[in-house]
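Inspection log for the structure reproduced underneath, given as structure tokens.
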Amino acid sequence: MIVARDLHKTYRVGPREVHALRGVDIEIAKGEICVILGRSGSGKSTLLHLLGALDAPTRGSVEVGGVDLSRLSDRELSLFRRDHVGFVFQAFNLIGNLTALENVLIPLMPKGIGEREIGQAMGRLRAVGLGDRSDHRPQQLSGGEQQRVAIARAILKDPWVLLADEPTGELDTVTGGQVMATLREMNQSMGTTIVIVTHDLTYVRPGDRVLRMEDGRLAARTPGE
Amino acid sequence: MIRFALRSLVSRPLRSFLALIGLSISLVGVIGLISVSLGLRRSVRAALEQVHGIVVIKKNSLDPIFSRLPVDHAAPISRVSGVRHVVPELWEVAPSVEGQGTLTQGLFGAVAVFGIDPVRDAERAAGGLYFRHLREGRFLGPADAGRAVTVVSRTIAARFGKRVGDPLRIADHTFEIVGLYETGALFLDVAMIIPIDMLRARQMVRDDAVSNFYVDVEPNADLAKICSGIEAALPDVEANTGPQWEAKFGGILEELEIYLRLVSSIAILVGTIGIVNTMLMSVTERVAEFGVLRANGWTRADVLRLVLCESVILGAVSGVVGCGVGTLGVHVVARFAALAPVTTPSFVAATFVLALLLGVVGGLYPALRAARMNPIEAIRFG
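As they're listed, the protein sequences go chains A and G.
Numbered per the working numbering, the first sequence spans residues 119 to 343.
Numbered per the working numbering, the second sequence spans residues 10 to 391.
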């Protein structure tokens, strides 16, 4: 599903250059749950953003579902993200003046919202256990509920891959566990490939593919890799 | 997307309201200023439409009041083919009426004294304009030669609380009001008509001088040809028909309109800057939000459309408020002011369209800024 070759990413911070990725090769199969561990500054979030077409590598290539992202224009990348990639962020990133349902519908808003789209979004909210909270604003939801709304938004279009960047970072252990359980449920029921960036080993389960990032490189893999 | 845009505006009510008010006030100013100009044009047209003949004045004089011609010019004018009657007329500005300086009452407080020959020209002076619009009492007649009598407009009479039969003091002289006229045109209802010999005696004007000649023409006469004939016979005069007068004043009004449009443009610029400022602040505060939208598949064009939608909504609401209040204000002022401002449906519609365009213009730069953001940098920034 995801193939990345020799990924490099360099940022310029003032006069300095920061090498966030220093040649990463990765292959993630369809339906896998892949957990990327690493300390802060190891490059794991940068890797996630490149895999999800949110950013472009300085060098190297990324293919998702057989599509070479480097060949896509900015507009095509946006549409690719809309149709094939779902994102879940640490800070939930819901829009405060929209309801839960409207937040889920964000990917479809530019094309126009009809009954079909509303039904689809309600289905996703019910799938994450929030069917009765569709008209609540984010301020009226708990942290865990907000993150589940974000998950519902991420899976609205049945994406090929769901990328979660520290999805439990702002949640307590119990709530974080519920969110992780929701993600695993999506993987089981929809076969969605899930890539999770975290620094918390407690959320890793047997069968997960674990990758460790250190100083912009992949350091360790699960047995057999 | 429209609902999303509305929510964004409503979620920052004070800021949206202030931007709206800024542009609305500018639009009220535009409607007010331009309607004054339209009202002025309408008043001038209403006056000059009633001039059916030709007015002969000293060359390069703006108005008969500023013109002086020898009375013997009447003879060569009357010899021009197509001329039926030549009426000498004398105009002066009344320095005071009932002890009040007239020019100090403002531009539309000025009062003119119109001297006519009551024996020969009572019905023909100014093309019979004042004679035809007599509403109360009587007009001047042959018996009034040498008498201190006057016919005034209802506007003047009302201003000084006078009726037919009352005395009216013009400068240091008292006249009896024998009649009241009303044309309905602002620039015509400013005259006090007195016998010309009384005006000459009181104003110390030479007996052989007049302000202008009113030329009455034969039916179906070629007015342009007659004007040319008069100007050829008397090189020191200019002969103008009503439409030509309107064109002359139109040139002056155009200069006024340029200034009014300049002031309106400044007001519009200020209002638009308000929109730009509001939208820029909004975009800056919502950087992370735009990053999330882009991360969820919104293209740059979608983000641009969202921000433009918000600013066009601001423009539209400002347009409704500004045009509504401006139009209402014009109608209220028109009931009380000497010069009635005028609006037309097409002008109000054009102002509303202008408001929409200003919404687009005001939101364009902020929209481009929002659309150009890198998604992940935007999310990190937030």
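Virtual Cβ for every residue (Gly too), placed ideally from N, Cα, C.
Taking 8 Å as the cut-off, the Cβ atoms of G/TYR190 and G/TYR139 count as close. With a contact defined as Cβ atoms closer than 8 Å, G/ILE66 and G/ASN221 qualify at about 5 Å. Under the three-state reduction of DSSP output, G/ASN249 falls in the strand class.
Within chain G, the residues whose beta carbon sits less than 8 Å from that of A/HIS167 are ILE385, listed in sequence order. Shown here, G/ASP198 sits in coil according to DSSP, grouped into three states, outside any helix or strand.
Secondary structure note for A/ASP283: its beta strand (DSSP E) is the uninterrupted segment 279 to 283. Taking 8 Å as the CB threshold, A/PRO256 stays off the interface with chain G. Excluding sequence positions up to five before and after G/ALA256, its CB lies less than 6 Å from no other CB in the same chain. Between G/VAL161 and G/MET201, the gap from beta carbon to beta carbon is short of 8 Å.
For A/ARG271, the nearest beta carbon of chain G is closer than 8 Å to its own beta carbon. In the structure shown, A/LEU223 falls within a coil segment according to DSSP collapsed to helix, strand and coil. Sequence-distant Cβ neighbours of A/SER160 in its own chain, meaning closer than 6 Å and more than five residues away, are MET331, GLU332.
Just so you know, the alpha carbons of A/LEU169 and A/PHE198 end up roughly 12 Å apart. Unbroken beta strand (DSSP E) runs of no fewer than 3 residues, entirely contained in the stretch 104 to 155 of chain G, are found at 121 to 125, 143 to 146, following chain order.
The way I'd put it, the stretch 56 to 66 of chain G doesn't touch the stretch 358 to 368 of chain G; fewer than three beta-carbon pairs between them come closer than 8 Å. G/GLU263 is bridged by DSSP to nothing; it lacks a bridge partner.
If you draw a straight line from the Cα of A/GLY309 to the Cα of A/ALA239, it comes to about 19 Å. G/GLU298 belongs to the set of residues whose beta carbon lies under 8 Å from a beta carbon in chain A. Residues of the stretch 139 to 150 of chain A whose Cβ lies closer than 9 Å to any Cβ of chain G: none.
Taking a Cβ-Cβ cut-off of 7 Å, the neighbours of G/SER20 in chain A comprise ASN215, given in sequence order. Of all alpha-carbon atoms in G/ARG156, G/VAL122, G/ILE186, the one lying nearest the alpha-carbon of G/LEU143 is that of G/ILE186.
The beta carbon of G/ARG147 is closer than 7 Å to those of VAL187, GLY188 in its chain, skipping five residues each way along the sequence.
Neighbours of A/SER196 across chain G, judged by C-beta separation under 7 Å: ARG303, GLY306, TRP307, THR308. Secondary structure note for G/VAL173: it is in no beta strand (DSSP E), with a DSSP letter that is neither H nor E. At a beta-carbon threshold of 7 Å, the residues of chain G lying near A/LEU172 are ALA304, PRO384, ILE385, ordered along the chain. A check of alpha carbon separations from A/VAL153 across A/GLY334, A/ARG327, A/ALA337 identifies A/ARG327 as the nearest. By the rule that beta-carbons nearer than 8 Å mark a contact, G/ARG270 does not touch chain A. The CB of A/ILE224 comes closer than 9 Å to the CB of PHE13, VAL301, LEU302, ASN305, GLY306, TRP307 in chain G, given here in chain order.
Per DSSP, G/GLU98 is one residue of the beta strand (DSSP E) stretching across 92 to 102.
Between G/ALA359 and G/LEU313 the beta-carbon gap is near 27 Å, outside 8 Å, which marks them as no contact. Proximity of chain G to A/MET227 at the Cβ level (cut-off 7 Å) is accounted for by MET10, PHE13, in chain order. Non-local beta-carbon contacts of A/LEU155 in its own chain, meaning distances under 6 Å to residues more than five positions away in sequence, involve ARG330 in chain order.
Under the DSSP assignment, A/MET331 falls in the beta strand (DSSP E) whose first and last residues are 327 to 332. Counting along the chain, the unbroken alpha helix (DSSP H) around G/LYS234 starts and ends at 232 to 242. Taking a contact as a CB-CB distance under 8 Å, the pair G/ALA56 and G/ALA194 counts as one, their CB atoms being some 4 Å apart.
Nearest CB-CB separation between A/ASP333 and chain G: not below the 8 Å threshold.
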